[in-house]
Structure formats: structure tokens, C-alpha cells
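The structure appears below as C-alpha cells.
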Amino acid sequence: MKPGAIAFTLLSLVGSLCTLRVQAQEPSAAAVFDPAKTSIAVLFAPNFSDDKWVEQKGKESIVARKSVYTLFEKRGFAQVTEEAVDVATKANTIDLNKEESWTKANFARVGKQAGANLAAFVLIKQTRQKVVSNPLASQYVGEAEIEVWLVDTATGKALIGDLAARGRATGGVRSAGSRRNSAVEDAVKRAFSAFLKPYPETKK
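Every letter in the sequence shown is one number past the one before it in the numbering used here, and letter 32, counting from 1, is 34.
Below is the structure:
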């Protein structure tokens, strides 16, 4: 075989291997659950941002939790109430403000006791808001960093495990922390987008 032909063959082989590697890393999404028969419990979202504004951090935790519920509700998944989830969390003596509690076993246990098929948990790692100015105008920019888990309560399997996501929101400011709230919501959407891709929205 001529040198040129050998080189072409090697390049073709390398290209094929690279293609296989990409395909292996990005499996096609498929619907596994029937939303009409699947319920989700969303656990309390602790906020570990270094922001000293306690009230704002509490609002961000509420936004994170409700954002998960909204994403799944729009696709027809049933919801277990926050109250039921909080009762199950307390009954299992799980303190979600402690890192050692962030395990798929704990999430599954709480979700199962609350009567859910899926259990979701969002950890807020950091949020911030800043003003970005140019000669013509200024705008507020909110940023958020989170990690999420989604667990099948029947099997204990992590469908999403310790996935990091970042969110960003820009625009005018309605209140002092509004862009941060929107950034948390954006981060939640990004974190669950791949899992929810096979499930179209059925509600507005």
C-alpha cells in the first residue's frame, strides 16, 4: 500500500474512533417515565452562597424548589406537596443543611416516604448580582451556581447525580435581589433540560 493511502486509512480510523467516542458520551435521550403515572417530591434547597443577606438567600431557596416543581408540572408529572416532603425529611432526621446528608439514599428515602416516584434536590452554591455599565445604559446581571440530584425512589438510582449548573439573568431590577432569583431559576432549567427533553410541555 502506498504511503498516501496508509495515511488516509489511519486518518479515517481515527475519525471513526472519535465519532464513536462522541456517540458514547452523548446517548440519545428517551422517555422512561409516564408523567401521568409518575410523581415527584422536591426537597428543601439549602443555600450556601456567601451572601450575608439572609432574607434574600431564603427567597432563592424557595425559587429553586418551586422552579423544579414548575418544570415537571408543565410536563404532566404529579407533585407531592412541600409539606409532605418536609414531614418525611423530618421523620428521617435528615438535616439538608449538612453536607453528609446529601446522598441519593437519603433523597430516595424521603421521596419514597412522601409517596413519590422521583425525588429532586437542589443545592445553591453561590449567587451574586452586579451592575454592568456602558456609555449608553446600565443593567443588572444575576448569576447562580447550583448542583442537582434526581433519584428514582423505587431503585435508589441517581438519574441525575451531583450535576453542576450555572444560571444567568440580565435586565432591569424590580427588587434588590430579583436578578439573582431569575438566575437561580435559569440554572434549574439548565440542570434538568437534558432529562426533561423527551417530555414535551402539556401545560402553560
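Here a beta-carbon is modelled for each residue, glycine too, at the ideal position from N, C-alpha and C.
Determine, using beta carbons only, whether residue i and residue j come nearer to each other than 8 Å.
| i | j | result |
| --- | --- | --- |
| Ser51 | Thr172 | no |
| Ser184 | Gly144 | yes |
| Ala90 | Gln115 | yes |
| Val124 | Ile96 | no |
| Arg181 | Glu62 | no |
| Val82 | Ser41 | yes |
I need the DSSP call for residue i, collapsed to helix, strand or coil.
| i | result |
| --- | --- |
| Leu116 | Checking the displayed sequence, the identity of residue 116 turns out to be Ala instead of Leu. Coil at Ala116, not helix or strand. |
| Glu203 | coil |
| Phe194 | helix |
| Asn99 | coil |
| Leu73 | helix |
| Thr155 | coil |
| Val89 | helix |
| Gly78 | coil |
| Arg23 | Because Arg23 sits at a pLDDT of 31, beneath the cut-off of 50, its placement in the model cannot be relied upon, and the point is left open. |
Going along the chain, which residues of its own chain have a beta-carbon closer than 7 Å to the beta-carbon of residue i, five neighbours each way excluded?
| i | result |
| --- | --- |
| Gly113 | Ala43, Leu120, Ala121, Val153 and Thr155 |
Among the options, whose alpha-carbon lies nearest the alpha-carbon of residue i?
| i | options | result |
| --- | --- | --- |
| Asn99 | Lys127, Glu75 and Gly117 | Lys127 |
| Gly169 | Val150, Ser180, Gln141 and Arg192 | Arg192 |
| Lys206 | Ile64, Glu62, Leu73 and Phe46 | Leu73 |
| Glu101 | Tyr201, Glu187 and Pro48 | Pro48 |
Starting from the C-beta of residue i, find all residues in its chain whose C-beta is less than 8 Å away, skip the five residues before and the five after it, and write them out in chain order.
| i | result |
| --- | --- |
| Lys106 | Trp151, Val153, Gly158, Lys159, Ala160 and Gly163 |
| Pro202 | Arg77 |
Meets three-Cβ-pair contact criterion under 8 Å: the stretch 193-202 and the stretch 156-164: Enough Cβ pairs lie closer than 8 Å, so yes.
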